[in-house]
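Chemist: Each step along the sequence shown adds one to the number in the working numbering, with nothing skipped, and position 17 is 201. Heads up, the beta-carbon is just placed ideally off N, CA and C, and yes, glycines get one too.
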Amino acid sequence: MPRGREKDRKTRKKHRKNVDRMKGLVKARRAAAKKVKRG
Numbered sequence: 185m186p187r188g189r190e191k192d193r194k195t196r197k198k199h200r201k202n203v204d205r206m207k208g209l210v211k212a213r214r215a216a217a218k219k220v221k222r223g
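1. V203 to R196, Cα distance in whole Å?
2. From M206 to K221, what distance separates their C-alpha atoms?
3. In angstroms, rounded to a whole number, what distance separates the CA positions of K198 and V210?
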């Protein structure tokens, strides 16, 4: 098992991907909410 810095780097990469995906979801949700409010 990788430990120390190696493990940290891998988890960080995964975390970054997750963050990007969450940001995308939030953006989409906000856009949808705006549309609903205006309608």
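Modeler: On the basis of the coordinates in this document:
1. Going by the C-alpha atoms only, they are around 10 angstroms apart.
2. When the Cα atoms are used, M206 and K221 turn out to be separated by approximately 22 angstroms.
3. About 18 angstroms.
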